[in-house]
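Protein chains: 2
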Amino acid sequence: MAAAAEEVGNRRVILKRYVTGFPTEDDMEVVPATARLAVPPGSAAVVVKNLYLSCDPYMRSRMSRHDEPSYVPDFVQGEVLTTLGVSKVVESGHQDYKAGDLVWGMTGCEEYTLITNLQTHFKINHPELPLSYYTGVLGMPGLTAYVGFFDVAKPKKGDYVFVSAASGAVGQLVGQLAKISGCYVVGSAGSDEKVNLLKTKFGFDDAFNYKKEQDLNATLKRCFPEGIDIYFENVGGAMLDAVLLNMRLHGRVSVCGMISQYNLEQLDGVRNLFHIVAKRIRMEGFIVMDHYGTYRKFEEEMAGYLKEGKITYVEDVAEGIESFPSALIGLFYGRNVGKQLVAVARE
Amino acid sequence: MAAAAEEVGNRRVILKRYVTGFPTEDDMEVVPATARLAVPPGSAAVVVKNLYLSCDPYMRSRMSRHDEPSYVPDFVQGEVLTTLGVSKVVESGHQDYKAGDLVWGMTGCEEYTLITNLQTHFKINHPELPLSYYTGVLGMPGLTAYVGFFDVAKPKKGDYVFVSAASGAVGQLVGQLAKISGCYVVGSAGSDEKVNLLKTKFGFDDAFNYKKEQDLNATLKRCFPEGIDIYFENVGGAMLDAVLLNMRLHGRVSVCGMISQYNLEQLDGVRNLFHIVAKRIRMEGFIVMDHYGTYRKFEEEMAGYLKEGKITYVEDVAEGIESFPSALIGLFYGRNVGKQLVAVARE
Numbered sequence: 001m002a003a004a005a006e007e008v009g010n011r012r013v014i015l016k017r018y019v020t021g022f023p024t025e026d027d028m029e030v031v032p033a034t035a036r037l038a039v040p041p042g043s044a045a046v047v048v049k050n051l052y053l054s055c056d057p058y059m060r061s062r063m064s065r066h067d068e069p070s071y072v073p074d075f076v077q078g079e080v081l082t083t084l085g086v087s088k089v090v091e092s093g094h095q096d097y098k099a100g101d102l103v104w105g106m107t108g109c110e111e112y113t114l115i116t117n118l119q120t121h122f123k124i125n126h127p128e129l130p131l132s133y134y135t136g137v138l139g140m141p142g143l144t145a146y147v148g149f150f151d152v153a154k155p156k157k158g159d160y161v162f163v164s165a166a167s168g169a170v171g172q173l174v175g176q177l178a179k180i181s182g183c184y185v186v187g188s189a190g191s192d193e194k195v196n197l198l199k200t201k202f203g204f205d206d207a208f209n210y211k212k213e214q215d216l217n218a219t220l221k222r223c224f225p226e227g228i229d230i231y232f233e234n235v236g237g238a239m240l241d242a243v244l245l246n247m248r249l250h251g252r253v254s255v256c257g258m259i260s261q262y263n264l265e266q267l268d269g270v271r272n273l274f275h276i277v278a279k280r281i282r283m284e285g286f287i288v289m290d291h292y293g294t295y296r297k298f299e300e301e302m303a304g305y306l307k308e309g310k311i312t313y314v315e316d317v318a319e320g321i322e323s324f325p326s327a328l329i330g331l332f333y334g335r336n337v338g339k340q341l342v343a344v345a346r347e
Numbered sequence: 001m002a003a004a005a006e007e008v009g010n011r012r013v014i015l016k017r018y019v020t021g022f023p024t025e026d027d028m029e030v031v032p033a034t035a036r037l038a039v040p041p042g043s044a045a046v047v048v049k050n051l052y053l054s055c056d057p058y059m060r061s062r063m064s065r066h067d068e069p070s071y072v073p074d075f076v077q078g079e080v081l082t083t084l085g086v087s088k089v090v091e092s093g094h095q096d097y098k099a100g101d102l103v104w105g106m107t108g109c110e111e112y113t114l115i116t117n118l119q120t121h122f123k124i125n126h127p128e129l130p131l132s133y134y135t136g137v138l139g140m141p142g143l144t145a146y147v148g149f150f151d152v153a154k155p156k157k158g159d160y161v162f163v164s165a166a167s168g169a170v171g172q173l174v175g176q177l178a179k180i181s182g183c184y185v186v187g188s189a190g191s192d193e194k195v196n197l198l199k200t201k202f203g204f205d206d207a208f209n210y211k212k213e214q215d216l217n218a219t220l221k222r223c224f225p226e227g228i229d230i231y232f233e234n235v236g237g238a239m240l241d242a243v244l245l246n247m248r249l250h251g252r253v254s255v256c257g258m259i260s261q262y263n264l265e266q267l268d269g270v271r272n273l274f275h276i277v278a279k280r281i282r283m284e285g286f287i288v289m290d291h292y293g294t295y296r297k298f299e300e301e302m303a304g305y306l307k308e309g310k311i312t313y314v315e316d317v318a319e320g321i322e323s324f325p326s327a328l329i330g331l332f333y334g335r336n337v338g339k340q341l342v343a344v345a346r347e
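Order-wise, the sequence lines are chains B and Y.
Those letters in the first sequence? Residues 1 to 347, per full-length UniProt numbering, in order.
Those letters in the second sequence? Residues 1 to 347, per full-length UniProt numbering, in order.
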């Protein structure tokens with residue numbers, strides 16, 4: 001079989017150079033290559049065809065070169081990027097996988113990938129839902145919202161919840177999970193279009209465009225006259241400083257990310273940390289990979305919500321592998337509306 | 001009885017003016033007054049003679065006027081300051097107290113005080129130990145160290161523990177509790193004399209004088225080549241920023257106070273908060289008043305350690321009520337060596 005392996009065109013996205021400051025499309029390059037649709041003899045690997053590739057903020061860290069190991073490994077200059085994706089197995093040397101299986105997990109930013117380590121891949125249990133959802137609401141961002149809200153923030157009915165980057169891949173879900181949990185939820189986003197989505201589509205009680213607000217402290221006081229019990233932190237910087245002023249006693253800050261800081265050479269200073277003492281705040285960071293053991297429970301619960309119409313999900317789909325660099329860069333300018341992904345192939 | 005009440009001299013410390021920036025002795029004034037050693041008829045109050053008065057960093061907040069309620073009430077301009085103290089009951093209208101009883105709790109910065117609310121007073125169960133210890137190791141700072149270390153930081157044997165302001169009222173105890181718990185502990189302080197105390201008297205594994213270090217990040221890397229599991233935070237600002245760079249995965253920051261920030265008009269910005277995500281750090285503030293329910297358990301345990309010689313305690317005792325203003329101000333310049341208190345009377 002390996003001898004007769006088909007060789008196919010395989011366009012791929014490589015990292016042209018390590019990035020400092022804001023990344024640009026030119027830091028990446030889409031190059032032609034070929035792939036052999038064959039598993040090395042005796043290896044428990046699979047060859048997959050990539051259908052949907054995910055663009056996520058944490059990837060910014062991987063585009064820089066770190067002297068000390070970062071929380072995610074750096075990309076390698078000149079080599080193909082990797083990302084989470086939804087893929088179809090086309091050849092398998094692994095006893096648990098066969099051609100035609102649909103999986104999600106870490107794959108190459110390319111059309112076909114040889115995956116040798118399947119430890120953190122999941123088979124897709126609900127192919128009746130849109131497959132692209134496994135880059136979002138049924139994948140890593142969904143699980144992120146779920147564990148960051150329930151396991152880290154530990155909501156109680158009636159809590160006042162604030163979500164930043166609230167129309168993003170994670171934020172839109174946190175808001176809807178908060179409503180399902182009987183909380184009052186307000187979101188911030190960076191355009192009126194997104195704010196409108198939050199209020200009309202995702203059921204947030206209120207929302208604001210942070211770019212139009214002069215004084216975030218005053219804005220939060222207006223939105224939360226009683227203060228904030230839970231802040232789901234996606235942005236960092238000035239927003240966090242304003243939130244700290246408005247937290248309630250025993251408030252919780254679930255720290256998922258700080259996208260406002262990822263491209264800065266000089267990070268913003270956060271000045272209001274003493275409120276952590278005065279208000280007995282718990283501020284806790286988490287990484288979704290630590291919670292993959294929760295995935296199957298989450299997948300069933302979330303699939304149920306989707307089928308019952310209790311949760312809705314908005315995706316921003318770029319077409320074709322060539323669009324990957326601009327789609328990824330767009331995250332850092334807030335160009336995406338909803339979860340950003342790239343459709344490489346439909347089946 | 002009330003009719004025959006004795007009137008005595010009662011020097012007291014008043015707040016002359018609200019403070020901005022660094023407080024000075026001139027912001028307070030020691031004034032003569034008199035006290036009647038009698039309880040108002042029908043009241044469940046007590047009159048106490050104050051023996052030892054505590055000087056604590058949180059009092060700085062009370063010296064300023066806040067537009068919104070702070071976590072502790074502001075002092076009132078022109079009126080006597082209040083603080084925690086060890087006192088002897090001289091007259092009692094309360095069924096649970098009689099003349100001669102020794103108590104600790106909130107009292108006036110004066111020689112005699114009429115206490116009408118005894119809800120947060122504790123009778124002293126171990127008068128065989130130095131009574132002044134009830135302003136420190138057996139009082140609020142002791143309980144602070146105990147709950148902040150055990151209940152908030154949740155140590156495990158072998159954890160790497162860093163304590164700032166480590167020779168202070170709280171820090172010296174955190175270090176010793178950490179050693180009792182089988183941890184490795186390093187402290188920072190602001191003089192070579194204090195550093196010496198940490199190493200020779202309190203049994204810290206290592207210690208440094210932060211004023212002599214050029215690069216706190218490098219210092220912490222030297223002291224903790226494996227990183228820090230628990231940071232007991234007393235100072236805030238630049239030290240916190242350096243600590244965040246050196247925390248280990250799943251580290252905990254128990255936020256007790258941030259004394260470096262209390263006198264600043266413009267607070268320091270902390271830039272390395274993304275490490276909370278990357279290292280899954282839990283940073284949690286606490287206020288000892290929330291934990292008074294633990295006091296009796298703590299008192300017995302700590303009294304046991306003291307009697308067994310497992311814990312030692314260093315106090316900096318200023319003599320006489322007139323010394324209160326300078327003793328309090330000294331905290332913010334690090335003039336005190338060990339727990340600062342004022343001996344108003346010995347019995």
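Note that the Cβ used here is the ideal one computed from N, Cα and C, for glycine as well.
Here the structure is a predicted model, which means the values were calculated and not measured.
Discussion item. With a threshold of 8 Å between beta carbons, is A278 of chain B in contact with chain Y?
Written reply: The residue given as residue 278 of chain B occupies position 278 in the first sequence. Answer yes: the Cβ-Cβ gap between A278 of chain B and chain Y drops below 8 Å somewhere.
Item to complete: To the nearest angstrom, report how far apart C256 of chain B and V90 of chain Y are at their CA atoms.
Response: By 1-based counting over the first sequence, the position of residue 256 of chain B is 256. By 1-based counting over the second sequence, the position of residue 90 of chain Y is 90. Straight-line Cα distance between these residues: approximately 57 Å.
Worksheet item: R222 of chain B CB to nearest chain Y CB: under 8 Å?
Response: Position 222 of the first sequence, counting from 1, holds the residue named residue 222 of chain B. Not an interface residue.
Fill in: Nearest candidate by alpha-carbon position, reference M239 of chain Y, set Y:T219, Y:G251, Y:R248 and Y:H250
Walking along the second sequence from the start, residue 239 of chain Y turns up at place 239. Distances from the CA of M239 of chain Y to each of Y:T219, Y:G251, Y:R248 and Y:H250 were compared; the closest alpha carbon is that of Y:T219.
Discussion item. Please list, in chain order, the residues of the region 265-277 of chain Y that have any C-beta partner in chain B closer than 9 Å.
Written reply: Q266, L267, D268, G269, V270, R271, N272, L273, F274, H275, I276 and V277
Item to complete: Scan the region 236-259 of chain B for residues whose Cβ lies nearer than 8 Å to a Cβ of chain Y and list them as they occur along the chain.
Response: Residues G236, L240, V255, C256, G257 and M258.
Worksheet item: Taking buried to mean at least 16 other C-beta atoms within 10 Å of its own C-beta, is I180 of chain Y buried or exposed?
Response: Position 180 of the second sequence, counted from the start, is the residue given in the question as residue 180 of chain Y. By the neighbour-count rule (16 or more Cβ atoms within 10 Å), I180 of chain Y is not buried but exposed.
Item to complete: Taking only the alpha-carbon atoms, compute the straight-line gap between G158 of chain Y and V185 of chain Y and give it to the nearest angstrom.
Response: As a position in the second sequence, residue 158 of chain Y is number 158, starting the count at 1. As a position in the second sequence, residue 185 of chain Y is number 185, starting the count at 1. So the alpha carbons of these two residues sit roughly 10 Å apart.
Practice prompt. Give a yes or no on whether the minimum CB-CB distance between Y231 of chain Y and chain B is below 8 Å.
Written response: Counted from its first residue, the second sequence places residue 231 of chain Y at position 231. No, no contact with chain B.
Worksheet entry | Whole-angstrom C-beta distance between G237 of chain Y and S254 of chain Y, which should lie under 8 Å | The sequence position of residue 254 of chain Y within the second sequence is 254, counting from 1. The sequence position of residue 237 of chain Y within the second sequence is 237, counting from 1. About 17 Å separates the two Cβ atoms, so there is no contact after all.
Discussion item. With H, G and I counted as helix, E and B as strand and the rest as coil, what does DSSP make of residue 393 of chain Y?
Written reply: This structure leaves residue 393 of chain Y out entirely; chain Y is present only between 1 and 347.
Discussion item. Give me, in chain order, the residues of the same chain whose beta-carbon lies closer than 6 Å to that of E29 of chain B; leave out the 5 immediate sequence neighbours on both sides.
Written reply: If you number the first sequence from 1, residue 29 of chain B lands on position 29. Taken in chain order, the residues that qualify are I14 and K16.
Discussion item. Strictly under 8 Å for the Cβ-Cβ distance: is R65 of chain Y near chain B by that measure?
Written reply: Start at 1 with the first residue of the second sequence, and residue 65 of chain Y comes out as number 65. Answer no: the Cβ-Cβ gap between R65 of chain Y and chain B never drops below 8 Å.
Worksheet entry | Burial state of G42 of chain Y (16 or more Cβ within 10 Å) | Along the second sequence, read from residue 1 onward, the residue named residue 42 of chain Y stands at position 42. G42 of chain Y should be labelled exposed.
Discussion item. Rounded to the nearest angstrom, what separates Y133 of chain Y and Q119 of chain Y at their Cα positions?
Written reply: If you number the second sequence from 1, residue 133 of chain Y lands on position 133. If you number the second sequence from 1, residue 119 of chain Y lands on position 119. When rounded, the distance between both Cα atoms is 21 Å.
Worksheet item: Alpha carbon to alpha carbon, how far is P73 of chain B from L143 of chain B?
Response: On the first sequence, position 73 is the one that residue 73 of chain B refers to. On the first sequence, position 143 is the one that residue 143 of chain B refers to. Just so you know, the alpha carbons of P73 of chain B and L143 of chain B end up roughly 21 Å apart.
Worksheet item: Can you tell me whether T20 of chain B is buried or exposed, with buried defined as 16 or more other CB within 10 angstroms of its CB?
Response: Along the first sequence, one-based indexing puts residue 20 of chain B at 20. It is exposed - the Cβ of T20 of chain B has fewer than 16 other Cβ atoms within 10 Å.
Item to complete: With a 10 Å radius around its C-beta and 16 neighbouring C-beta atoms as the bar for buried, classify P141 of chain Y as buried or exposed.
Response: Here residue 141 of chain Y is taken as the residue at index 141 of the second sequence, counted from 1. So P141 of chain Y counts as buried.
Worksheet item: From R11 of chain Y to R60 of chain Y, what distance separates their C-alpha atoms?
Response: Counted from its first residue, the second sequence places residue 11 of chain Y at position 11. Counted from its first residue, the second sequence places residue 60 of chain Y at position 60. The straight-line gap from Cα to Cα measures roughly 22 Å.
Discussion item. Taking the alpha carbon of L331 of chain B as the reference point, which residue from B:E301, B:H126 and B:Y262 has its own alpha carbon closest?
Written reply: Within the first sequence, residue 331 of chain B is the residue found at index 331, counting from 1. Here the closest residue by C-alpha is B:Y262.
Worksheet item: Using CA coordinates, which residue listed in B:G93, B:Y58, B:D96 and B:L51 is at the minimum distance from G104 of chain B?
Response: Counting from 1 along the first sequence, the entry for residue 104 of chain B is found at position 104. According to the sequence displayed, residue 104 of chain B carries Trp and not Gly. The shortest C-alpha separation from W104 of chain B is found at B:L51.
Worksheet item: Excluding the five sequence neighbours on either side, which residues of its own chain have a C-beta within less than 6 Å of the C-beta of V314 of chain B, listed in chain order?
Response: For the purposes of this step, residue 314 of chain B is taken as the residue at position 314 of the first sequence. Excluding residues within five positions, the ones whose Cβ falls inside 6 Å are G338.
Practice prompt. Give the residues from the region 56-84 of chain B that approach chain Y closer than 8 Å (Cβ to any Cβ), ordered along the chain.
Written response: S70 and Y71
Item to complete: Please name the residues in the region 94-107 of chain B whose beta-carbon is closer than 7 Å to at least one beta-carbon of chain Y, in chain order.
Response: none
Discussion item. Please identify, using Cβ separations under 8 Å, the residues of the region 282-294 of chain B that lie next to chain Y, in order along the chain.
Written reply: R282, M283, E284, G285, F286, I287 and D290
Worksheet item: Can you name the residues of chain B whose CB is closer than 8 Å to the CB of Q176 of chain Y?
Response: By one-based count along the second sequence, residue 176 of chain Y stands at place 176. Under the 8 Å cutoff, chain B gives no residues; its nearest Cβ is about 23 Å from Q176 of chain Y.
Worksheet item: Based on Cα-Cα distance, which residue from B:P57, B:V47 and B:Y58 lies nearest to S92 of chain B?
Response: Mapped onto the first sequence, residue 92 of chain B falls at position 92. Taking only the C-alpha atoms, the option nearest S92 of chain B is B:V47.
Practice prompt. Please check if any C-beta of chain B sits within less than 8 Å of the C-beta of Q261 of chain Y.
Written response: Position 261 of the second sequence, counted from the start, is the residue given in the question as residue 261 of chain Y. Yes, Q261 of chain Y lies at the interface with chain B (some Cβ there is under 8 Å from its Cβ).
Worksheet entry | Closest residue to G309 of chain Y among Y:G78, Y:L84, Y:R222 and Y:L177 (Cα-Cα distance) | As a position in the second sequence, residue 309 of chain Y is number 309, starting the count at 1. Here the closest residue by C-alpha is Y:L177.
Fill in: Euclidean distance between Cα positions of L267 of chain Y and N217 of chain B
Along the second sequence, one-based indexing puts residue 267 of chain Y at 267. Along the first sequence, one-based indexing puts residue 217 of chain B at 217. The straight-line gap from Cα to Cα measures roughly 16 Å.
Worksheet item: Straight-line CA distance for R62 of chain Y to E68 of chain Y?
Response: Taking the first residue of the second sequence as position 1, residue 62 of chain Y is located at position 62. Taking the first residue of the second sequence as position 1, residue 68 of chain Y is located at position 68. Approximately 12 Å between the Cα atoms of the pair.
Discussion item. Restricting to Cα atoms, I'd like to know which of B:N234, B:I228 and B:G139 is closest to S167 of chain B.
Written reply: As a position in the first sequence, residue 167 of chain B is number 167, starting the count at 1. Scanning B:N234, B:I228 and B:G139 for the CA closest to the CA of S167 of chain B turns up B:N234.
Practice prompt. May I have the straight-line CA-CA distance separating D27 of chain B from G203 of chain Y, to the nearest angstrom?
Written response: Residue mapping note: residue 27 of chain B aligns to position 27 of the first sequence, counting from 1. Residue mapping note: residue 203 of chain Y aligns to position 203 of the second sequence, counting from 1. The alpha-carbon atoms of D27 of chain B and G203 of chain Y are separated by roughly 53 Å.
Worksheet item: Going straight from the alpha carbon of R282 of chain B to that of R252 of chain B, what length do you get?
Response: Stepping through the first sequence from its first residue, residue 282 of chain B is reached at position 282. Stepping through the first sequence from its first residue, residue 252 of chain B is reached at position 252. Straight-line Cα distance between these residues: approximately 5 Å.
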